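Below is one structure, written out as C-alpha cells; the observations come after it.
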Ligand code: F6P
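In the working numbering, the protein residues as written are 7 to 335.
See below:
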C-alpha cells in the first residue's frame, strides 16, 4: 500500500516537467497519497532538502517552463556512499516510492539507489534530447523543436537578406534528434548529426560540395546548415571559420544553446507530461518498480528503467535518407 511518494526532477530541465509534477501530485491526491518534492534533483535527497507538495502548490504551473522543485546533476549519487545516503533519506521520510522525472542519466542515478532502497522506483522521461529508449517522445522535445524553429526562421530572414551561409548549432548532447527534426521543419539545406559519423577537419569537402552545387544551380542565396552539438571537434564556430576559409565566403555561426530548454511547453508536451505523470503514479499504486512510464503509439506503457539508455535511440531513418539525398542533389 503506497501512502507517501517522493518526486524529483533531475538533469537538464525540460518544458513540461512542471506539467508532469502537477499531474503526479493531483493523481496522488486522488489516491490519498502524500507527495514530498525533493529540491535540486538527487541533491535534495542527499541534503534532505524537501517540501510537501499539495494540489494547491501545483496550481497554474502547467504553462510554466523550468521546474518548481529545481533540477541539477548529482555526481555524489554515483558513489556507494551517496546512493546509501539517498536511500536513508527515503527511509527516514517513510517514502514508499520515488518518482524521477529526467533522462537516462537520471534513471542511472535511480538504479544506483535501488539496491539500498526498500521502496518502489519509477521514471518519467523528461529531456529535450528525446534520446530515451522506450518512449516515442520525451517531455520537452516538442517545445525545444518549436523554439529552435522560431530561431532558425528568424536566422533565415537575415541569411536571405545577405545571401549568407549560416551554421546553427542545436542541442542534443550525443543525439541528433533535435537537429534532424528542427532542421527538416526549417527546410535547412544541410543537417549534421553525430549519427552521420564524426566530422573530421578533412571531411570539409563533403560539406562544401553541396554548397557549391547549390550556388551553381540557384545562384547566390541563403544557405542554412543545422549542426548538432558535439558534431565537429572544435565546435560549430570553428567549423564556420574552416568553411569560410575553404569557400572564400563568410559563414556565420549561431549557437542556440540553453534557449532551447526554456519557455512555456507546447500543447503536445503538456498533454504527454500530464499523461505520463498520472500514469506513473497509477502504476506505482499497481506495484510497478524499476520501470519507466513511456508512451508508444499513443499508448502509455511501462519499460524497464535499466534499458532506457542501453541502446542508442534511432533518429528517423527515412528523414535521414531523404535529407542526405536532397543535400547532395
Ligand atoms: O540533456 C539536455 C541538455 O540540454 C543537452 O542537450 C545538452 O548537451 C546538455 O543538457 C547541456 O547541459 P548543461 O545545462 O549542464 O550545460
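We put the CB at the ideal spot given by N, CA and C, even for glycine.
All of these numbers come straight from a predicted model, not from anything done at the bench.
Secondary structure of residue 216 (DSSP, three-state): helix. Within the same chain, and ignoring the five residues on either side of residue 110 in sequence, the residues whose Cβ sits closer than 6 Å to its Cβ are 138, 314, 315.
For residue 131, the enclosing beta strand (DSSP E) has its first and last residue at 126-131. The alpha-carbon of residue 92 is positioned some 33 Å away from that of residue 235.
The Cβ atoms of residue 81 and residue 169 lie no closer than 8 Å to each other. In this structure, 49 is the residue among 284, 26, 49 with its C-alpha nearest to the C-alpha of residue 84. Around the beta carbon of residue 61, fewer than 16 other beta carbons sit within 10 angstroms, so the residue counts as exposed. For residue 305, the three-state secondary structure derived from DSSP is strand. In the DSSP assignment, residue 26 falls within the unbroken alpha helix (DSSP H) covering 23-36. Proximity of the beta carbon of residue 235 to the ligand F6P is indicated: a heavy atom of the ligand is located closer than 7 Å. When the beta-carbon positions are compared, residue 200 and residue 182 come within less than 8 Å of each other. Contact annotation, residue 174 with residue 232: C-beta distance approximately 5 Å; criterion of less than 8 Å satisfied. Shown here, residue 224 sits in a helix according to DSSP, grouped into three states. Residue 26 and residue 108 do not touch by the CB rule: their CB atoms are close to 10 Å apart, not below 8 Å. Listed in chain order, the non-local C-beta contacts of residue 23 below 8 Å within the same chain comprise 15, 72, 73, 77, 107, 132, 145, 146, 279, local neighbours out to five positions each way being set aside.
Look at residue 175 here: in three-state DSSP terms it is strand. Secondary structure note for residue 327: it is in no beta strand (DSSP E), and the uninterrupted alpha helix (DSSP H) holding it is 323-334.
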